[in-house]
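Student:
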Amino acid sequence: MIRTWTLFITLLFFPVFIFSQKQSERLISKKDSLMPGMSTSIPFTLENNSDENKTYDISTTVSNPLITPILEKGEFQIAPHETSVYLVPLRIAAETSQGFYSVTLYITDRHTGISFVKSSKIVVSGNRKLSVTGLDSPEFIRAGETIRSSFLLKNNGNVTEDIILESKNAILDHDALLVLSPNESKIISIHKVTNPELRQNEFQNLNLSVYPKGNPKENQSIYVSTQVIAVKPTENDIYHRLPVSASLSFIGMQNMGVYNDGFQGEIYGKGTLDKENKNQIEFRAVTHNPIEFNTFTQYEEYFVNYKRDNFFVHLGDKTYASSYLTEFARYGRGAEIRYDLNKVSLGGFYNHPRFFRDIKDEFNIYSAFRIRKESELYVGYLYKTPREGEINYSNVKLDSDAHLPYAKGKFKISRNINLSGEFAYSTTKKTDGTAYMLQAEAIFERFNGNIMYIKASPDFAGYFTNTDTFNGNIYYNISKKLSVFVNYMQDAKNFQRDTLLLAAPYRKYFQYGVQYKYLPTGFIVLNNGYQTYQDRLEPRQFDYYERYFKVSINQQIGIFQMNLEGQFGKTDNYLTGLNGDSSFYSANFSFQKFKTSFNLFGSYAITSRYQLQNQKIFYYGARIFSQFSDKTSLSLFYQNNYMPEEYFKDRNLFELLFHQQLFSGHEVDLSGRYSLQRGEIGNKDFIFSMRYTWRPNIPVQKTAEYITLSGNISNLGIKKTEGIRLMLGSYLSITDKEGNYLFKNVIPGNYFLEIDRSTTEINDIPTLAFPAALSLINKENIFNFGLTTAASVQGHIQFVETADKDQTGISEWLAKKDKKKKESIIIEAISNDQTYRKICFIGEDFDFTYLRPGDWTVKVYRNGLDKRYKISTNKFQFTLKPSETKKLSIHVVKQQIEIKYQQESLKVGYNEIKKKK
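Counting from 17, one number per residue, gives the positions in the sequence shown under my numbering.
#1: How big is the Cα-Cα spacing for R164 and K202?
#2: With 16 as the cutoff for other CB atoms within 10 Å, does V816 come out buried or exposed?
#3: Report the rounded CA-to-CA distance for K334 versus N217, giving the unit in angstroms.
#4: Terminal residues of the continuous beta strand (DSSP E) containing T335?
#5: In its own chain, which residues sit with a C-beta less than 7 Å from the C-beta of P787, not counting the 5 before and 5 after it?
#6: Considering only residues of the same chain and omitting the five flanking positions on each side of K170, which have a CB-CB separation below 7 Å?
#7: With a cut-off of 8 Å on the beta carbons, I'd call N295 and R324 a contact; round off their distance for me.
#8: Taking the C-alpha atoms as reference points, what is the distance between F24 and T242?
#9: Consult DSSP for K294 and reduce its assignment to one of helix, strand or coil.
#10: Counting Cβ pairs, one atom from each stretch, are 3 or more of them under 8 Å apart for the segment 711 to 719 and the segment 770 to 780?
#11: Of the residues S265, K632, A456 and Y422, which one's Cα is nearest the Cα of N305?
#12: Is it the case that the Cβ atoms of I204 and S166 are separated by a distance below 8 Å?
#13: Contact check, K208 vs T162 under 8 Å by CB: the rounded distance?
#14: Nearest to N271 by CA position, among N310, F92 and T804, is which residue?
#15: Using a Cβ-Cβ cutoff of less than 6 Å, which residues in the same chain neighbour S602 once the five nearest sequence positions on both sides are dropped?
#16: D8 bridges to which residues according to DSSP?
#17: By how many angstroms is the C-alpha of G593 removed from the C-alpha of Y658?
#18: Could you check whether the segment 475 to 493 touches the segment 373 to 381, counting it as contact only if at least three pairs of C-beta atoms, one from each stretch, sit closer than 8 Å?
#19: So does the segment 735 to 745 actually touch the segment 808 to 815, counting three or more Cβ pairs closer than 8 Å?
#20: If you count every other CB in all the chains shown that lies within 10 Å of the CB of E839, and 16 or more means buried, which is it?
#21: For a test of the three-state rule: what should DSSP assign to R556, helix, strand or coil?
#22: For K233, which of helix, strand or coil comes out of DSSP?
#23: Which value, in whole angstroms, describes the spacing of the CA atoms of G230 and I858?
#24: Assuming contact is defined by CB atoms lying nearer than 8 Å, are P402 and S416 in contact in what I supplied?
#25: Can you find the residues in the same chain that come closer than 6 Å, C-beta to C-beta, to F279, ignoring five residues on each side of it along the sequence?
#26: Figure out for me which residue from V101, V320 and R158 has the closest Cα to the Cα of V247.
#27: Please report the distance separating the alpha-carbon of F460 from that of N493.
#28: In this structure, does DSSP put P660 in helix, strand or coil?
#29: Could you compute how far the alpha carbon of P898 sits from the alpha carbon of T724?
#30: If you measure from the CB of F801, is any heavy atom of the ligand GDP nearer than 7 Å?
#31: Nearest to F679 by CA position, among R563, K665, D646 and Q693, is which residue?
#32: Helix, strand or coil for R523? Go by DSSP, reduced to three states.
#33: Pull up the distance between the alpha-carbon of W710 and that of G281, whole angstroms please.
#34: So for R300, helix, strand or coil by DSSP?
#35: For L692, is the classification buried or exposed, using 16 other Cβ atoms within 10 angstroms of its Cβ as the cut-off for buried?
#36: Write down the C-beta distance between V139 and L50 rounded to the nearest angstrom, noting that I regard them as a contact closer than 8 Å.
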């Protein structure tokens with residue numbers, strides 16, 4: 017197609033008479049905002065001050081070859097004593113850069129030969145336009161291989177762009193900063209290495225984001241998707257299995273100079289008995305502990321529980337609880353049952369306590385009523401029978417059977433307020449008692465708080481006795497950075513705890529403070545208050561009252577997390593009767609590097625809390641945990657000592673833990689530790705353990721039957737179809753002489769059928785797209801296809817010159833441009849199931865190889881080809897035969913420019929305002 021330029025160049029034949037010495041402001045403004053890719057006219061004012069007609073020969077030049085005058089030469093006539101405007105038509109190329117340029121007229125008087133020059137400045141405005149398109153990305157790839165994708169990035173504007181390249185889930189093959197000149201394009205490639213241990217086929221999306229430097233809001237992102245085929249897929253199972261672990265441990269302990277060791281076994285399972293996950297079961301059996309029980313070893317335990325829909329039953333050991341006041345936590349051996357109706361639940365339990373000798377047996381029944389979605393009301397009855405002839409281990413001993421009816425509930429008053437409470441009554445042959453508990457919780461956007469009050473009479477025979485305690489906390493956010501808080505806590509003094517472990521110290525404290533977040537990664541906390549600590553064990557190691565001020569700073573610096581604390585207080589020591597100062601300073605540093613977490617801590621104290629006044633104490637330690645791989649880990653811990661307030665529990669001084677998965681379902685754990693047992697101050701004990709664990713996952717229900725996949729590979733002109741290896745997930749099959757293949761004992765599911773190309777000729781190609789996605793659900797499945805010889809397309813991009821006497825200047829400019837930059841086009845080959853794209857340069861060859869015979873379409877895209885060029889034929893359709901090489905020739909030609917002249921004059925004038933005399 018010939019592009020026609022219609023130009024109004026009337027000044028060449030007919031003068032334009034101007035009736036004022038001043039140019040139009042509209043004409044002047046045309047030089048100030050010229051856009052690239054447009055055609056325009058630039059006015060020049062010419063005057064004839066002589067008494068005769070003038071004829072001028074005019075030639076035009078521009079300071080940039082991308083801005084070309086449509087007519088470089090012309091003539092102009094002007095009458096005596098007249099002023100006229102000469103319009104210079106210009107074409108501004110799309111890639112013309114933003115900036116100032118000059119248009120110059122060389123004017124020669126035809127009669128006298130006198131020459132003079134006129135120049136005018138023009139401004140080309142900036143036009144920013146980036147585009148990014150996907151060029152090439154694999155549709156399928158095998159796990160462990162590298163996904164490589166390419167994109168075409170082009171600067172379609174006229175401003176040189178500094179471009180930032182980013183990819184959130186892949187690696188760039190280029191520098192992250194790229195400079196693109198106007199109309200310049202580059203191919204950007206990214207890659208990602210896939211996990212060779214991938215267990216399931218999955219799609220992986222790779223993205224590329226581009227934006228001009230300093231303008232992240234102009235971000236453009238493009239995504240490509242590739243399906244990764246697992247080479248070590250998880251073996252699908254035709255059985256529904258119950259996760260079960262069985263372990264055997266050898267444990268040894270040096271306890272106060274006496275050494276004991278032995279074996280301990282454990283079986284644990286938790287899961288469902290059917291594929292619908294309706295029948296849930298959990299069980300555990302731990303044999304006798306060969307050493308003295310402590311926190312770091314397991315105690316003998318046996319239990320099994322079952323749940324289906326609204327029914328639940330538990331048999332064996334567990335921590336049983338009726339309510340907070342009557343029996344908050346009592347570990348024992350028994351049974352529990354519960355059934356849930358629509359809005360009502362019924363249940364109960366029997367428990368024989370194992371670590372509380374005052375109670376022989378207890379029975380509990382209860383009923384729960386759901387009032388609303390988050391409101392419930394419980395009523396229940398607990399019956400306790402005492403153990404006769406036993407030493408009394410608690411503060412209050414049951415004198416006879418105890419009956420404890422109780423009622424409790426939780427109510428959602430509003431969206432932000434919750435209330436809960438309980439009332440209980442106890443009666444024995446000799447005493448009666450009551451207890452109640454109230455709790456309120458409020459959660460708002462800036463404010464949250466919680467208060468709880470417990471009151472139990474001296475004769476109450478529940479979990480708490482002769483108790484009066486209050487706890488509460490309030491937290492308020494003044495702003496995003498500033499908040500205040502108040503906390504009050506008081507432990508219950510008389511409660512019927514299990515005797516297996518020792519009781520924590522009695523605590524009562526009150527504190528208030530402020531927290532300020534001075535940085536997004538750091539905050540400081542200032543708080544003031546008082547605290548009381550009293551040892552519940554005899555002889556007491558501490559009993560004090562302390563008023564204190566505390567400062568805490570938490571700061572993250574890079575990968576380092578830092579915590580610094582300082583506490584300053586006055587201590588009244590009730591053990592010694594002395595008063596003194598107590599100061600504590602502590603630091604904690606942690607970071608992660610090389611799959612390893614490090615934690616270092618230390619504290620220094622000068623305190624009057626204990627037996628000595630102004631006693632100096634220094635604690636320090638470290639913890640290191642390294643995850644070498646998914647199968648191997650190592651943990652190391654050390655701490656030189658602990659504060660006396662913690663001596664009621666088992667404490668680690670040194671600990672080494674090593675875990676190794678030998679292979680799937682088989683693990684080994686090694687541990688060794690020096691520890692202080694509960695109640696001990698300085699006598700250290702050593703414990704070690706070697707543990708082997710097997711995870712068999714027992715089949716409990718058959719969920720599917722094995723299936724088969726068979727088929728035939730047709731020989732469509734290749735050498736042979738025998739010995740071709742096919743892969744279906746982790747299954748393999750090799751064709752016989754006739755090209756038949758068979759996969760047996762295949763688990764139903766979705767697969768990809770692949771051909772091992774090392775077992776075929778290099779140009780053999782299947783008649784269907786491979787890998788082939790197959791959904792195998794029938795007992796017998798058949799999939800046939802053929803092998804033929806691949807075809808190819810070869811071609812050449814030819815540049816064709818055209819002669820045109822009116823575009824001499826344009827041709828010269830294009831010739832200069834061709835020396836600096838090669839113009840490119842995009843060639844795309846498409847069939848029903850294949851698409852290939854290439855960027856090709858004019859004057860060079862191109863090809864597409866390994867194409868499946870059949871109907872193909874080749875399309876040619878301009879890819880920003882200069883508008884002065886055109887593609888003669890941009891679409892080819894043909895049918896490829898096996899082994900055929902199709903030859904194509906793509907012609908790129910220069911378009912002719914036709915100039916037509918306006919035959920009538922176009923007058924531009926101004927009204928002349930004459931002065932009145």
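Even for Gly, the Cβ is constructed at its ideal location relative to N, Cα and C.
Tutor: With the given structure in hand:
#1: 16 Å
#2: exposed
#3: 42 Å
#4: F327 to Y336
#5: F156, I245, F768, L769 and E770
#6: S147, S201 and G880
#7: 5 Å
#8: Note on F24: pLDDT 36, under 50, position unreliable in the model; no value is reported.
#9: coil
#10: no
#11: S265
#12: yes
#13: 7 Å
#14: N310
#15: E581 and S619
#16: Residue 8 lies beyond the stretch modelled for the chain, which goes from 17 to 933, so this question has no answer here.
#17: 24 Å
#18: no
#19: no
#20: buried
#21: coil
#22: helix
#23: 36 Å
#24: yes
#25: F266
#26: R158
#27: 10 Å
#28: helix
#29: 32 Å
#30: For the structure depicted, the ligand GDP is absent and the ligand set is empty, with no information on it obtainable.
#31: D646
#32: strand
#33: 12 Å
#34: strand
#35: buried
#36: 6 Å
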